[in-house]
Structure formats: C-alpha cells, structure tokens
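The numbering of the sequence shown is our numbering, which starts it at 2 and goes up by one.
Every residue gets a Cβ at the ideal spot worked out from N, C-alpha and C, and that includes glycine.
If you're wondering where the values come from, they're calculated on a predicted model, not measured in any experiment.
Input: a single structure, listed below in structure tokens.
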Amino acid sequence: MADGDPRAPVLFKTNYAVSRKIEPFFKGGKIQISSDGQHMFCVCGSKLNVLDVATGALEQRLEQEDQEDITAFVLSPDDEVLVTGSRALLLTQWAWRQAQRTRTWRAVHSAPVASMAFDPTATLLATGGCDGSVKLWDVVRQHGTHNLCGSPGVVHLVAFHPDISRLQLFSSAMDYKIRLWDLRSAACVAVLEGHYSAVTSLAFGPDGDTMISSGRDKICTVWDLKTRQTKRTIPVFESVETAVLLPEGPDFSALGVKSGGLHFLTAGSRGLLCVWAAASGACVHRQEQPHPSGPGLPADDRRGEAEAGRSLTHCVLVPAAGLVATVTAEHNILLYDALTLRLRKQFAGHNDEVLDVRFLGPDDSHIVVATNSPQLKVFELATSSCQILYGHTDTVLALDVFRKGRLFASCGKDHSVRLWKLGKAGAVSCVGVGTGHTHSVGTVSCSRMQENFVVTGSQDCTVKLWPLAKISGSGPGLLPLQAQATQRVHDKDINSVAVSPNNKLLATGSQDHLAKLWTLPDLTLLGVLSGHRRGIWCVQFSPMDQVLATASADSCIKLWALQDLACLKTFEGHDASVLKVTFVSRGTQLLSSGSDGLLKLWTIKTNECVQTLDAHEDKVWGLHCNRQDNQALSGAGDACVVLWEDVTETELAEKQAKQEEEILKQQELSNLLHEKRYLQALGLAISLDRPHTVLTVVTAILREADGPKKLEENIMRLRQDQKESVLSFAVTWNTNSRNCHVAQAVLGVLLRHESPDQLLQYQGIRPAVEAFLPYTDRHFQRLGRLLQAAMFVDFMWQNMRLASGPTITEKPL
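Below is the structure:
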C-alpha cells in the first residue's frame with residue numbers, strides 16, 4: 002500500500018526497470034580466499050566468480066571458453082596463478098586480476114579433473130582425475146612432468162608436502178587410502194591405511210613429519226611421516242569435511258588452545274567448528290550455536306534444525322586476515338573471526354527456487370527471501386550483507402510483513418507459523434511460533450492496521466486466526482501462539498489468504514477454483530466468488546476501493562465488487578498461470594506475475610496491459626511493492642531476486658527533454674535554411690538522423706541558381722562519416738520515383754569526385770550500390786517509356802499541323 006496524500010493526482014505507471022539483481026554466484030564445491038583475505042573465489046557452473054570479501058561485490062567473472070562446467074580450480078600460494086579445469090577436459094590458466102586467459106591446454110586425463118593442488122613454489126600443478134590418474138604440470142615451462150597411475154576410481158584429493166625439498170605428493174581415491182608418491186622416482190612409496198570412508202582433507206604439521214587426515218568415517222588420524230604409521234586416531238563423532246591446522250603464531254587462547262601443542266579445527270555434518278588437541282585427542286573448544294532458535298523450541302526441533310542445511314562442506318583458514326570461512330550444505334558462506342570463532346559476515350551463494358519475497362523495515366531498507374529451504378535470508382539493500390535465519394525445520398513457503406515493517410510472519414511445510422522481529426540494529430530474531438495445522442502451511446497474511454493478529458491457510462483446507470496480543474508488547478523471547486479461530490473454508494489446498502485494509506474481511510483462494518469472502522474475527526462466510534476455470538493462486542484487496550483481485554491458473558485476473566460479489570473486469574494477457582497480483586498506483590493499476598517468467602502492468606480503467614517486464618527465466622512466485630510505491634520486488638524459480646524501479650517519471654522527463662531538444666534543433670534548421678547556410682543545415686540534419694530533413698535541404702540546394710554546383714560544393718565539404726550517411730539516405734530516396742532525381746544527383750557527385758579506392762573505404766558501400774542498381778534501372782526504363790510517349794505526342798502534333806495547314810491558308814471562293 003502506498004503512503005501519501007490521497008488527494009494528490011495519480012500518475013499512472015508506464016514502465017519498471019531492473020535496478021538490482023540478486024543472483025547465484027556459488028553452486029557448491031570448495032572456495033578459496035587469497036592470502037590477504039581480500040578476494041574470494043568460488044564456482045558457479047561454467048563461471049568462476051571473484052568476490053570482494055569486505056563488500057560481497059562481484060569483482061570478476063571468469064567463464065570457460067568451452068562453456069562447460071568447472072569441475073576443479075586452484076589458486077597458487079602467491080595468489081598470482083589461477084587454474085581451472087572443465088568437463089571438456091581442458092585446463093585454463095588465468096590472469097585473474099585482468100579477467101584474461103593466458104593459456105589453455107588439454108588435461109590428457111580420460112575423465113574430468115576432480116582435484117587440484119599447487120606446490121609451495123607455485124611452479125608445479127597436480128591434477129587428480131576421475132580416471133584414477135594423477136598428473137603433474139610445470140606451469141612455468143608449460144609441459145607435463147609426471148603421470149602417476151594406480152589409484153582406483155576418482156582421485157578426489159591431492160596435496161604437496163610443504164617441504165618442497167622432499168618432493169612428495171599425497172593423494173586419496175575411492176579406496177579410502179592415502180598414497181605417498183616420490184616425485185623423483187615417480188613411484189608410490191607408501192600407502193597409509195586407517196580410514197574406512199572417504200578421506201576429505203590433509204593438514205601438515207610445522208615439523209613436516211606430522212600429518213592429520215580427516216574423513217567421513219567420523220575420525221581424524223594423526224600420522225608419523227617418518228615411520229608412515231598412525232600415531233593417534235581421534236573420534237570426532239561427525240563426518241568431517243575439512244581439518245585445518247591452527248598456526249603457532251596467533252593467540253588462540255580464547256579457543257582453549259595452549260602453547261606448545263598441535264591443534265586443529267574441524268568442520269563437518271553437525272555444522273559447528275570444533276578445536277581438537279592432536280596430542281590428547283580431546284576437544285578443547287566447540288563453537289556455540291551461531292543461530293540459536295530461542296527458548297521454548299522443543300529438543301526434537303533443535304535436532305531437526307541442525308540437520309536442515311547446517312552441515313558444513315568446506316572450511317578455509319586465512320591466518321593473515323584472521324579469518325575462517327565455512328561453506329554450508331545450503332551453499333551459504335559464513336565468515337568467522339579466527340581467534341574467537343564469532344560470526345563476522347554471511348553470504349548466500351545460491352538461493353535455489355525463490356518462493357516468496359517481501360520488503361522489510363520501516364523504510365524498506367531490507368528484503369526477506371523465502372527459498373526452497375528451511376532458512377530465511379534477510380538482505381540489507383545498502384550493504385548487501387545477508388542474515389540467515391534458522392527456525393523452521395522444513396521449507397518456508399510464504400511470507401508477509403506488518404504495516405510498520407519491523408515484524409513479519411513466515412510459514413512452511415513444518416506445519417508452523419513463525420513471527421520475526423527486525424531490531425533497530427538490523428538483527429532479526431524469532432519472537433513467536435504457532436503450531437496446530439496438520440499439513441503444510443502455504444499462505445499467511447498479517448493484519449493491516451495494527452499488529453494484533455495473523456491469518457494462515459493450509460493444505461488441510463483450514464484457516465487459522467492467531468492473535469498477537471502478547472507478542473505486541475512482549476520483550477525478547479520465543480512465545481507460543483494459540484489459534485483463536487479455526488475454520489474449514491475450502492475442499493482443496495488453500496493457496497492464498499488476504500486481510501482487508503480495515504481488518505474486517507478475509508479473502509481466501511483455493512485449488513477448488515473458488516475464492517471466498519469471510520468476516521473477521523469470527524470467520525463467517527459472506528459469499529463465494531466463482532468464475533475462474535482453474536485453481537486460484539492469489540487474492541488481494543484494493544487499498545482504496547471495495548474491490549478484490551484474484552489471479553488464477555486459467556491465465557486470467559478478475560476484479561470483484563465486495564458489495565454484490567459481481568465480477569467487474571477480467572484481464573487476459575498472460576500465456577500461463579498468474580501466480581501473484583498486487584495493486585499499485587493507489588489501486589488504479591495492477592502488477593501481476595506468472596509462471597511464464599513475465600511481469601505485467603495493467604491499467605484497471607482501460608483493461609490495458611501497459612508494459613510486460615521480462616527478467617526471469619522461470620515461475621515468478623514472489624511479488625511485492627514497497628510503501629512509497631516506486632519499487633517492486635520479484636523472486637522466481639530461477640533463483641534470482643529482482644528489484645524493479647518505477648521509471649515512469651524518468652522516462653517522461655527524458656521524453657519531454659528530447660522533444661524540447663528536437664524542437665530547438667528543428668527551429669535552428671529552419672533558420673539555417675532561411676539564411677541559406679546549407680552546409681550547417683546538412684550537418685545538423687545528418688546529426689539528427691533524419692533522412693527526410695536531409696532530403697529537404699538537398700532539394701533546397703538544387704532549387705538555387707546553379708544548384709548542382711552548390712550541391713557539389715556542400716557535399717564535398719562534409720566529413721566521410723557524413724557522406725556515408727547521405728549515401729545511405731540516398732538509397733532510401735532512390736526507391737521513390739518522386740525523389741529519385743535528388744538521390745541520383747547525390748550519387749553523381751560522389752562518383753565524380755571520389756576515386757574508387759576512396760569509395761571502397763565507405764562503410765556499407767557494397768550494399769548501397771547493390772540497392773541503387775535495380776531501382777536506377779527501373780527509373781531509366783520509366784524515363785525511356787516517358788520519352789517515347791512524349792515523342793509520340795510531338796509526332797501527333799506535327800501531323801495535325803501538316804493536315805490542317807492548307808485548309809487554313811486556302812482563300813474563300
């Protein structure tokens with residue numbers, strides 16, 4: 002609903018433009034961060050994205066030349082060399098700061114590369130393939146050096162020993178063993194057996210004789226590289242994806258690390274970072290839950306919540322920046338302070354399918370996004386920072402925001418509705434939860450006047466009204482909600498509920514093709530709106546008039562009068578299901594979105610589709626407008642969130658300015674013609690790109706005394722690009738017999754005064770000549786026939802004179 006003076010005149014919107022787009026930049030796998038902590042590298046399909054860690058802004062986008070997905074990449078220890086491998090079995094070396102490819106070569110593997118590693122000197126590159134082989138490349142001399150075979154299945158891990166003088170390479174494949182290769186002899190000198198599942202990472206101690214390996218068998222193993230035997234097996238009670246050794250220099254006392262011992266950090270399926278002492282095998286620090294659900298949440302819900310996308314798939318330590326980066330199963334990237342493991346920043350790498358979006362905050366400073374995930378994502382528009390909200394235990398399906406903008410509701414497949422509050426500092430916390438539905442809760446609507454109730458609709462065909470008297474004045478803490486009224490309102494799934502602006506009416510839309518009107522708070526049926534041929538996806542009250550809009554899978558939008566429930570108008574234009582509809586321009590226009598990926602702007606008075614907006618490639622499930630009514634927000638199944646800006650006034654101002662400029666130039670052109678300043682008039686007309694105006698100027702020149710000579714003088718004084726424009730205009734003039742003489746005059750001037758070599762330099766000279774030839778031939782034929790006809794008239798005239806001559810001179814008798 003737009004805020005403002007209702008008496009002010011309404012300016013109909015004519016267009017929206019994309020002002021911002023939140024799209025995926027990371028689709029899983031590992032990430033790398035430069036040694037200074039400023040740049041983050043992550044893969045998104047066939048692109049490798051380089052992000053600024055401080056701002057989250059996308060700095061570079063490196064795309065494979067073969068357009069194939071990137072299967073592995075690695076950044077050299079000196080941050081200078083970046084290599085990517087694709088499914089097309091190509092390796093590409095990048096000058097990533099300039100976003101340029103410096104070299105591409107065949108990987109020689111018979112299957113895609115699964116892992117890569119640089120040696121400490123950044124001169125040797127190891128690639129582990131899905132074909133079971135490991136190959137080494139000299140990136141300086143640009144040739145292969147080793148082909149190490151013998152590993153069964155995919156080689157998913159390769160790592161050089163940090164002491165380059167040893168020339169040792171470690172690898173692990175599908176047999177859960179770690180192979181030690183001597184690069185001098187190109188032979189496997191040892192096989193370390195100790196894991197019973199995939200080995201996920203290797204970390205080397207500062208003495209060079211100790212190595213720690215982690216695996217999905219829930220253990221970490223400490224190896225003695227001198228004896229090549231196991232020193233200690235540490236049970237960590239979770240599948241570990243990464244084990245990172247803590248350096249000796251920084252003060253990690255806040256993590257329970259004591260000087261003199263070897264400690265390492267693990268990240269795994271529980272979603273928490275843990276610090277372990279290698280000597281004793283004890284866990285000296287376990288990270289606190291970074292996203293507490295608050296008191297009052299049942300213990301079984303906490304377990305489900307921990308499993309719902311919190312597991313960590315990768316971890317990176319950047320000692321120089323004091324930073325630990327982790328990757329979650331939901332493709333979120335979390336940055337922690339290395340000394341305290343406190344959360345610094347969050348990035349949402351991939352939103353999956355966006356199911357709903359809303360503006361948030363008193364001044365619409367944030368947006369909240371529901372994706373195909375139990376987590377909600379809140380983005381601050383000014384800084385692009387992201388908060389990930391944990392609470393739901395299954396996919397969140399719908400959102401709605403109260404009028405003041407700080408309190409909002411969410412509902413989902415976990416049969417619950419939750420209330421969230423945006424604090425003044427920008428932090429969002431869960432303040433209430435209600436359970437009672439027996440199936441997925443697919444829609445929610447907040448009260449419009451005060452923050453006193455929420456209405457939900459579910460697949461169990463019922464709606465529930467949840468009073469919020471306790472929440473409105475409550476402090477922090479999670480309070481349970483109790484439904485005040487429950488009513489079975491439809492025979493099929495309820496897709497949409499909407500509360501009227503005065504909080505007295507409730508509209509519901511269902512898969513049973515019907516929309517219904519109910520009183521609040523007692524949920525008494527007022528009427529049934531029937532007319533759609535398929536299920537109704539959205540119902541929406543007008544903010545100004547007693548009108549209800551319904552959007553349906555029959556590709557139609559209908560407007561209904563609330564007084565007599567009559568259908569007032571039907572809008573047809575979408576080629577697929579209409580999923581969302583909302584009122585804009587103080588209730589005089591509609592903005593709708595469909596499963597065809599299009600948004601349409603409608604004017605209610607004329608039933609006209611004013612504009613069609615195309616920025617999505619899949620179903621647009623979410624649509625919302627801000628309070629000022631100058632921005633719109635859309636989210637779709639293509640994982641993109643688009644922020645639209647109303648550009649009606651901007652385009653109108655640009656159009657008026659362009660018209661004024663054209664009027665001034667037209668007046669200037671008239672003045673130049675009046676003053677017979679033909680050269681300036683030609684230049685101005687050509688700059689305006691007006692063939693007819695140029696024709697007028699050339700015609701005026703030809704009408705002058707000694708016109709052809711003046712035409713030659715003016716045309717030859719033009720620049721070459723201007724001559725090219727006049728020639729292209731002349732091609733158009735030559736198609737009309739009325740203007741062909743002018744066109745031939747211009748062409749004659751150019752042919753007489755420009756040499757063939759000069760004419761060949763003209764852009765588009767060949768198609769221009771080819772276009773001149775047929776019409777010129779036709780004009781000559783026409784002139785020939787005209788000349789013949791004129792000679793016949795002259796012949797008849799002469800015959801008439803000869804026949805009548807004697808009669809005229811004869812004397813009368």
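- Residue burial annotation: L342 is buried, with at least 16 other C-beta atoms found within 10 angstroms of its C-beta.
- N715: member of the alpha helix (DSSP H) spanning 708 to 717, first to last residue.
- Scanning its chain for C-beta atoms nearer than 6 Å, with the 5 sequence neighbours on each side dropped, one finds no residue around Q629.
- Just so you know, the alpha carbons of E239 and E289 end up roughly 16 Å apart.
- The three-state reading of DSSP puts W734 in helix, counting H, G and I together.
- For L59, same chain residues with a beta-carbon under 7 Å away, outside a window of 5 residues either side, are F26, N50, L52 in chain order.
- DSSP places L634 in the uninterrupted beta strand (DSSP E) bounded by 632 to 637.
- Per the Cβ contact rule, the stretch 347 to 357 is in contact with the stretch 27 to 43 (3 or more Cβ pairs under 8 Å).
- Restricted to the stretch 36 to 114, the beta strand (DSSP E) segments that are unbroken, complete and at least 3 residues in length are 40 to 45, 48 to 53, 59 to 64, 71 to 76, 83 to 87, 91 to 96, 101 to 107, listed in chain order.
- For K659, there is no enclosing beta strand (DSSP E); the residue is found in the alpha helix (DSSP H) stretching over 649 to 675.
- Boundaries of the beta strand (DSSP E) around P481: 480 to 482.
- By the neighbour-count definition (other C-beta atoms within 10 Å, threshold 16), C150 is an exposed residue.
- Judged by their CB atoms, A191 and G216 are not nearer to each other than the 9 Å cut-off.
- When C-alpha distances from N352 are compared across F205, T372, R167, L361, the shortest belongs to T372.
- Per the Cβ contact rule, the stretch 756 to 774 is in contact with the stretch 718 to 732 (3 or more Cβ pairs under 8 Å).
- Counting every other CB atom within 10 Å of its CB across the protein chains shown gives A18 a total below 16, marking it as exposed.
- Here S254 is exposed. Its C-beta has fewer than 16 other C-beta atoms within 10 Å.
- For R359, the uninterrupted beta strand (DSSP E) segment begins and ends at 355 to 361.
- Within the same chain, Cβ atoms closer than 6 Å to the Cβ of P692 are found at F730, T733, the five residues on either side in sequence being excluded.
- P113 sits buried, since 16 or more C-beta atoms from the chains shown fall within 10 Å of its C-beta.
- In this structure, P544 lies away from G510, with their beta-carbon atoms at least 9 Å apart.
- In this model, L689 and V699 are separated by some 15 Å (Cα to Cα).
- Apart from sequence neighbours up to five positions away, the residues of its chain that approach L423 with a beta-carbon distance below 8 Å are L361, G362, H367, V379, G406, R407, L408, F409, V429, ordered along the chain.
- M175 sits in coil when the DSSP states are folded into three classes, being neither helix nor strand.
- Of all alpha-carbon atoms in S531, H575, P375, S553, the one lying nearest the alpha-carbon of A562 is that of S531.
- Taking all protein chains in view, the Cβ of P775 is surrounded by fewer than 16 other Cβ atoms within 10 Å, so the residue is classified as exposed.
- Shown here, G785 sits in a helix according to DSSP, grouped into three states.
- Per the coordinates, the alpha-carbon of A280 lies some 8 Å from the alpha-carbon of H264.
- Residue range 692 to 704 is occupied by the alpha helix (DSSP H) that includes T697.
- Taken through DSSP and simplified to helix, strand or coil, Y391 comes out as coil.
- In the structure shown, the three-state DSSP call for E239 is coil.
- If only uninterrupted alpha helix (DSSP H) runs of at least 4 residues are considered, none is enclosed by the stretch 548 to 632.
- For D401, the enclosing beta strand (DSSP E) covers residues 397 to 402.
- Approximately 5 Å separates the beta-carbon atoms of R419 and S411; this is inside 8 Å, confirming the contact.
- S111 has its alpha-carbon roughly 13 Å from the corresponding atom of V156.
- Runs of alpha helix (DSSP H) with 4 or more residues, each lying fully within the stretch 745 to 798, are found at 757 to 761, listed in chain order.
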